[in-house]
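Asks: Residue numbering for the sequence shown follows numbering that gives the first Met the number 0, beginning at 0 and increasing consecutively.
We put the CB at the ideal spot given by N, CA and C, even for glycine.
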Amino acid sequence: MNLISDFKTIEKLCLELDTIIDDQIDIYLLGGGAMVYYGLKPETKDIDIVCTTKDYLLLYSALKKIGFVAKNPSKEYLRLNIAEILMRDAFRIDLFNSKVCGNLSLSKSIIKRCKLTMNLKNVKLYCFSPEDIFVFKSITEREGDIVDSENLQRRILDWDIINGEILSQIKEHGKDVWITYFVARLETLIDKGFEIPIYKESRKLAEEYYDQLESKITKHK
Numbered sequence: 000m001n002l003i004s005d006f007k008t009i010e011k012l013c014l015e016l017d018t019i020i021d022d023q024i025d026i027y028l029l030g031g032g033a034m035v036y037y038g039l040k041p042e043t044k045d046i047d048i049v050c051t052t053k054d055y056l057l058l059y060s061a062l063k064k065i066g067f068v069a070k071n072p073s074k075e076y077l078r079l080n081i082a083e084i085l086m087r088d089a090f091r092i093d094l095f096n097s098k099v100c101g102n103l104s105l106s107k108s109i110i111k112r113c114k115l116t117m118n119l120k121n122v123k124l125y126c127f128s129p130e131d132i133f134v135f136k137s138i139t140e141r142e143g144d145i146v147d148s149e150n151l152q153r154r155i156l157d158w159d160i161i162n163g164e165i166l167s168q169i170k171e172h173g174k175d176v177w178i179t180y181f182v183a184r185l186e187t188l189i190d191k192g193f194e195i196p197i198y199k200e201s202r203k204l205a206e207e208y209y210d211q212l213e214s215k216i217t218k219h220k
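Structure (structure tokens):
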């Protein structure tokens with residue numbers, strides 16, 4: 000698989016999509032593609048995209064029309080709850096329908112922080128903020144995600160934004176298993192010498208999730 004090292008490659012795809020989509024859609028980059036845009040990563044092998052349900056259906060149909068083929072996710076991708084993996088030549092697109100890893104949703108606050116990078120007739124392309132990319136990268140287990148988390152950590156991140164988004168997601172959807180993935184990644188970064196100001200708060204949330212899970216299991220028995 001060819002690697003995408005120039006953000007213009009992604010922009011060309013959006014130009015192609017704009018010629019066949021007859022309704023306005025918003026496309027949000029949340030992984031390697033967004034990191035390439037910010038200069039936080041030299042290249043990426045896949046492009047992570049999340050859309051609202053309406054836009055997801057339009058985008059999926061358009062990608063199929065221009066030659067993208069759906070593929071089954073491998074084991075390392077199962078945690079992500081990817082709606083579709085689509086491939087064509089150098090492109091591999093991991094497409095999400097409103098949510099990532101179950102209940103981590105495309106929230107209003109995430110959308111507000113996104114940066115508009117391309118505004119075409121029918122296609123608008125946005126990049127997640129570095130803080131929201133960090134949250135996403137911290138709950139995945141694909142090859143390279145730990146390195147991406149490290150590179151994001153080397154940037155000046157607003158930990159209040161990260162913590163606020165986590166609390167907002169939990170308030171909206173309740174505690175879910177992704178919070179344990181997030182804490183595990185924080186612990187990996189701490190072991191590598193990084194300082195994580197929100198670790199204790201996040202750890203407490205993970206412990207509360209485990210307590211709730213244990214209580215449910217006990218009641219079921």
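Pairing CB atoms from the stretch 111 to 126 with CB atoms from the stretch 140 to 147, are three or more of them under 8 Å?
Replies: no
Asks: Given this structure, state the Cα-to-Cα distance separating R153 from I189, to the nearest angstrom.
Replies: Position 154 of the sequence shown holds residue 153. Position 190 of the sequence shown holds residue 189. Cα to Cα, R153 sits roughly 13 Å from I189.
Asks: For L115, I'd like the list of residues in its chain whose CB is within less than 6 Å of its CB, leaving aside the five on either flank, ordered along the chain.
Replies: To locate residue 115, count along the sequence shown from 1; it is residue 116. Excluding sequence neighbours, L115 sits near Y125.
Asks: Please name the residue or residues paired with M117 in a DSSP beta bridge.
Replies: What you label residue 117 is simply residue 118 of the sequence shown in a count that begins at 1. In the DSSP assignment, the residues bridged to M117 are L124.
Asks: Under 7 Å Cβ to Cβ from V122, same chain only, skipping five residues before and after it: list those, please.
Replies: Taking the sequence shown and counting its residues from 1, one reaches residue 122 at position 123. For V122, where only same-chain residues beyond five positions count, the Cβ hits under 7 Å are C13, L16, D17, I20, I24 and I26.
Asks: My assumption, with CB atoms under 8 Å, is that V134 sits in contact with I165. Please give the rounded CB distance.
Replies: Your numbering for residue 134 matches position 135 in the sequence shown. Your numbering for residue 165 matches position 166 in the sequence shown. The Cβ separation is near 7 Å, so the contact holds.
Asks: At the level of alpha carbons, what is the spacing between K98 and G192?
Replies: On the sequence shown, residue 98 is found 99 positions in, with the first residue counted as 1. On the sequence shown, residue 192 is found 193 positions in, with the first residue counted as 1. Across the structure, K98 and G192 are spaced so that their CA atoms are roughly 31 Å apart.
Asks: Contact check, G66 vs I46 under 8 Å by CB: the rounded distance?
Replies: As a working mapping, residue 66 is identified with position 67 in the sequence shown. As a working mapping, residue 46 is identified with position 47 in the sequence shown. Wrong, their Cβ atoms sit about 15 Å apart, outside the cutoff.
Asks: Which class does T43 belong to by DSSP, given the choice of helix, strand or coil?
Replies: Indexing the sequence shown from 1 puts residue 43 at position 44. Strand.
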